[in-house]
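Residue numbers (mature numbering (1 follows the signal peptide of the UniProt record, and there is no 0)): -27 to -1, 1 to 298.
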Amino acid sequence: MSPSNFVPRLAACLLAVAAAWSAPASAQSDRPLRILVGYPAGGTADLAARLVGDKLRETLNQTVVIENKPGAGGRLVMDYARTQPADGNTLVVANSAVMTIAPLVYRKLNYDIQRDFTPVAQAANFQLALATGPGSPARTLKDYVAWLRAGAQNNSYASPALGSIPHFFGLMIGKQVGVDMLHVPFNGSAPLMSALVGGQVPASVDTLADLTEMHRAGKIRVLATSGKHRSVALPDVPTFTELGYQGIEGEGRYGVLAPAGTPRAALERLNAAIVKAVQSPDVRDRFLKLGLEPATGPADAFAGVLKADAAKWAPVVKASGYTGD
């Protein structure tokens, strides 16, 4: 082979090798990563998804698209997500309402959380809380329990929805304090808050994130929170366990799932990227301001958390007699 022919052929070979090495990276970024959210834009789930999505875009060098598909309390997007390709390019941000509670209250649920999805990574925990408004004279949990026991007309509490975690957490409170609580469901946290501030309902149980702003403004009083420790968002408010009610404890979760059958290599890559995102200082700070407590780790650990949550809430739901069908 003459020198004049050797150089072009060598260059061609080097270009071919370079293309082969770059092909996997290009394949990852050619298709967008879709993150499905079952709630409207601007809500806590949506904001959390966008914060993590921005970091995934940087880490994975891949276009990330947030798709909001609200409806049926988040169940609609789960039914949709289970039918999407299990190729590592579709994720769904889910909370305890659809991962834990819905499978316990709906016998005809269109999705099976165990069969149709694979845990990718936990993202955050959120606390629940009991709050009173002008409709109740109670300023502390002790006051509230005494007021409850003073008259049957005082026992009603509001929650943002039938079959929600706040619904069942309110029943848990009633059982532990020895009062038969009357549940008053609303269609979301916004109308619930209007009724609480207006004195139409004496008390409410909701996520701490949905109560924090009005508590800080002095419009309502958050009496106690559900976590194992005080919330960073409201460090002045004690926990139920701190006040002596060891049986009143529970948290909700946000996590990321993928359609069942997603390749293990893709799951590991996505888990590493999500863990990195949640642990970044700016995402952590924004989560805390949203009332979320960053919590992440291996996919197997997340699967264990979901199993423990189901075991915790199953007897509470069963005792309530409530079914969503």
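Backbone N, C-alpha and C define an ideal beta-carbon position, used for all residues, glycine too. All of these numbers come straight from a predicted model, not from anything done at the bench.
Apply the 10 Å Cβ neighbour rule to residue i and answer buried if 16 or more other Cβ atoms are within range, or exposed otherwise.
| i | result |
| --- | --- |
| serine 167 | exposed |
| asparagine 34 | exposed |
| glycine 172 | exposed |
| arginine 194 | buried |
| valine 31 | With the sequence shown as reference, residue 31 is identified as glutamate, and valine is not the correct amino acid for it. So glutamate 31 ends up on the exposed side. |
| alanine 18 | buried |
| alanine 182 | buried |
| leucine 169 | buried |
| threonine 296 | exposed |
| alanine 246 | buried |
| proline 288 | exposed |
| asparagine 160 | exposed |
| glutamate 266 | buried |
| proline 232 | buried |
| glutamate 222 | buried |
| glycine 15 | exposed |
| glycine 143 | buried |
| glutamate 241 | exposed |
| leucine 196 | buried |
| alanine 292 | exposed |
Where does the unbroken alpha helix (DSSP H) through residue i begin, and where does it stop?
| i | result |
| --- | --- |
| threonine 32 | 17 to 33 |
| threonine 185 | 181 to 189 |
| arginine 237 | 237 to 252 |
| valine 290 | 272 to 293 |
| histidine 140 | 138 to 150 |
| leucine 121 | 114 to 123 |
| tyrosine 53 | 48 to 54 |
Just the Cα atoms here: how many angstroms apart are residue i and residue j?
| i | j | result |
| --- | --- | --- |
| proline -4 | glutamate 186 | Low confidence applies to proline -4: its pLDDT is 42, below 50, so where it sits in the model is not reliable enough to give any reading. |
| valine 37 | proline 158 | 36 Å |
| proline 133 | phenylalanine 141 | 11 Å |
| threonine 56 | leucine 135 | 27 Å |
| proline 271 | alanine 111 | 43 Å |
| valine 251 | lysine 192 | 32 Å |
| arginine 88 | glycine 234 | 10 Å |
| valine 174 | alanine 206 | 25 Å |
| tyrosine 40 | valine 256 | Before going on, a small fix: residue 40 reads as glutamate here, not tyrosine. Computed Cα separation, rounded: 20 Å. |
| lysine 42 | aspartate 273 | 27 Å |
| proline 164 | tyrosine 117 | 23 Å |
| proline 208 | leucine 184 | 14 Å |
| histidine 269 | serine 137 | Reading off the sequence, residue 269 comes out as threonine, not histidine. Cα to Cα, threonine 269 sits roughly 23 Å from serine 137. |
| leucine 155 | tyrosine 218 | 20 Å |
What are the boundary residues of the beta strand (DSSP E) that includes residue i?
| i | result |
| --- | --- |
| alanine 224 | The sequence given here has glutamate at residue 224, not alanine. First-last of the beta strand (DSSP E) with glutamate 224: 224 to 232. |
| valine 38 | 37 to 41 |
| isoleucine 221 | It is not in any beta strand (DSSP E) - isoleucine 221 carries neither H nor E in the DSSP assignment. |
| glutamine 95 | 90 to 105 |
| methionine 267 | Reading the sequence as shown, one finds proline at residue 267 and not methionine. Start and end: 265 to 267. |
| valine 157 | 155 to 158 |
| alanine 67 | 63 to 68 |
List the whole-angstrom C-beta distance separating residue i from residue j, where the pair is believed to meet the contact cut-off of C-beta under 8 Å.
| i | j | result |
| --- | --- | --- |
| leucine 230 | phenylalanine 90 | 4 Å |
| alanine 176 | tyrosine 130 | 5 Å |
| lysine 201 | threonine 214 | 7 Å |
| valine 93 | glycine 11 | With a Cβ gap of about 16 Å, valine 93 and glycine 11 do not count as contacting. |
| alanine 102 | serine 199 | 7 Å |
| leucine 6 | leucine 24 | With a Cβ gap of about 15 Å, leucine 6 and leucine 24 do not count as contacting. |
| proline 139 | valine 178 | 4 Å |
| tyrosine 84 | aspartate 52 | 5 Å |
| alanine 239 | glycine 26 | At roughly 17 Å, the Cβ-Cβ gap does not stay under 8 Å, so alanine 239 and glycine 26 are not in contact. |
| alanine 22 | isoleucine 8 | 5 Å |
| leucine 216 | leucine 82 | With 8 Å as the limit, leucine 216 and leucine 82 do not qualify as a contact, their Cβ atoms being about 36 Å apart. |
Any beta carbon from chain C within less than 9 Å of residue i's own beta carbon?
| i | result |
| --- | --- |
| glutamate 186 | No chain C appears in the structure shown, which is made up of a single protein chain. |
### Query
Taking three-plus beta-carbon pairs below 8 Å as touching, is the region 259 to 267 in contact with the region 106 to 114?
no
### Query
Using 8 Å as the threshold, is the region 42 to 49 in touch with the region 60 to 76, meaning 3 or more CB pairs across them?
yes
### Segment contact flag, the region 56 to 72 with the region 220 to 228, C-beta cutoff 8 Å, min 3 pairs
yes
### Query
If you pair each beta-carbon of the region 117 to 125 with each one of the region 147 to 155, do three or more pairs fall below 8 Å?
yes
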